Amino acid sequence: MRIRLLICSVFTISFYSMKAQETFLASVNLKTEPTDKIDFNESSVLVSFNKKINAKNQLINTTGYSKLNVNYELYPFSGYEDLDHFSQFQNRVDYLFQASDKTKLKFSATPMFSFQENLDLSDFTLLGSFEIIRQLNANANITMGAARSTVFGTPKFIPLLAINYILNEKIRVSAGFPDSNISYSNNLRNKFSLTNSFNGSFYYLDKKSDENYNASKMSLSQMTTAFEYERNVDTNWFLNFRVGYDFNKKYKLTDSQDHTAYNFNTGNGGIFSIGIKYKQ
Numbered sequence: 059m060r061i062r063l064l065i066c067s068v069f070t071i072s073f074y075s076m077k078a079q080e081t082f083l084a085s086v087n088l089k090t091e092p093t094d095k096i097d098f099n100e101s102s103v104l105v106s107f108n109k110k111i112n113a114k115n116q117l118i119n120t121t122g123y124s125k126l127n128v129n130y131e132l133y134p135f136s137g138y139e140d141l142d143h144f145s146q147f148q149n150r151v152d153y154l155f156q157a158s159d160k161t162k163l164k165f166s167a168t169p170m171f172s173f174q175e176n177l178d179l180s181d182f183t184l185l186g187s188f189e190i191i192r193q194l195n196a197n198a199n200i201t202m203g204a205a206r207s208t209v210f211g212t213p214k215f216i217p218l219l220a221i222n223y224i225l226n227e228k229i230r231v232s233a234g235f236p237d238s239n240i241s242y243s244n245n246l247r248n249k250f251s252l253t254n255s256f257n258g259s260f261y262y263l264d265k266k267s268d269e270n271y272n273a274s275k276m277s278l279s280q281m282t283t284a285f286e287y288e289r290n291v292d293t294n295w296f297l298n299f300r301v302g303y304d305f306n307k308k309y310k311l312t313d314s315q316d317h318t319a320y321n322f323n324t325g326n327g328g329i330f331s332i333g334i335k336y337k338q
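59 is the number of the first residue of the sequence shown in our numbering; add one for each residue after it.
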């Protein structure tokens, strides 16, 4: 109970502190990812503020909460119905430093709680990253770095790389790992994007789902290719629609050493999401 109260307090403080900052964003998103025998449905809420302290220092704070529901077919997963609700709370802090005219440094820290139903201190994980952003010319930059991330369904150190290029006023391209995208805006209200990303998450289990499997965590990962459309419906309000496909989707239970205890073999499937944003 105390941990839940602390998390709610951090979320509330982050929300109210945004009002004194230069820019902020709030969003709500609903996503469904059906496969042949298991369906994944996620709802999430996020608030973020961006404060430019001075010419060289910038701070971004992003607080988010998500709820994942998993629906199984009765056969062959009749023994896993209790693994149907998972929650995640995280607060990411990004610090950007303008080291020179062409070089920017970015430091990120993300404390996170990922749990099944009963929140405990053992559900805590610390993620983070370090990036160097080098401006090549007026239209292009390159980002290199490393991160402790869950893109493969468990906390691991991964490289970060992106080449970002502004082709013209309407088209922007970013190619790299773990995310790539190309976006096109035909006017101020419409934005179309084609994205490809490696993404994943994990959750600590309340109890062992089966003594024979000795599982302590749930792991979910995939590579997602999607088409997105964002519409500016009012001055500060945006609607977002996303449709795509998950490749190499992996849903499994793991032990404390991240060894696979049980693999659900879900297969691949589509992804559909809708969201609403408020930006200022």
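Here a beta-carbon is modelled for each residue, glycine too, at the ideal position from N, C-alpha and C.
This structure is a prediction, so every number in the text was calculated from the model and none was measured.
Q. Are the region 175-187 and the region 201-208 in contact at 8 Å, needing three or more beta carbon pairs?
A. yes
**Q.** Reduced DSSP category for Ile332 - H, G, I as helix; E, B as strand; rest coil
**A.** strand
Q. Which ranges does the beta strand (DSSP E) cover as unbroken runs of at least 3 residues, wholly within the region 219-255, from first to last along the chain?
A. 229-235, 237-242
(Q) For Val301 and Lys307, what's the separation of their Cα atoms in angstroms? (A) 16 Å
Q. Tell me, which residues are paired with Thr283 by DSSP?
A. Asn254, Tyr303
Q.
Taking the alpha carbon of Phe330 as the reference point, which residue from Tyr138, Trp295, Phe82, Ser101 has its own alpha carbon closest?
A. Ser101
(Q) Let me confirm a value: Asp292 is counted as buried when at least 16 other C-beta atoms fall within 10 Å, else exposed. Which label applies? (A) exposed
Q. Thinking C-beta only, is Trp295 closer than 9 Å to Ile334?
A. yes
**Q.** Reduced DSSP secondary structure (H/G/I, E/B, other) of Asp140
**A.** coil
Q: Could you tell me whether the Cβ atoms of Asp178 and Lys164 are closer together than 9 Å?
A: no
Q: Label Gln174 either buried or exposed according to how many other C-beta atoms from any shown protein chain fall within 10 Å of its C-beta, with 16 as the threshold for buried.
A: buried
(Q) Cutting at 6 Å between CB atoms, please list the residues of its own chain near Asn254, excluding the five before and the five after it. (A) Ser238, Thr283
Q. Would you say the region 139-149 touches the region 108-117, given that touching needs at least three Cβ pairs under 8 Å?
A. no
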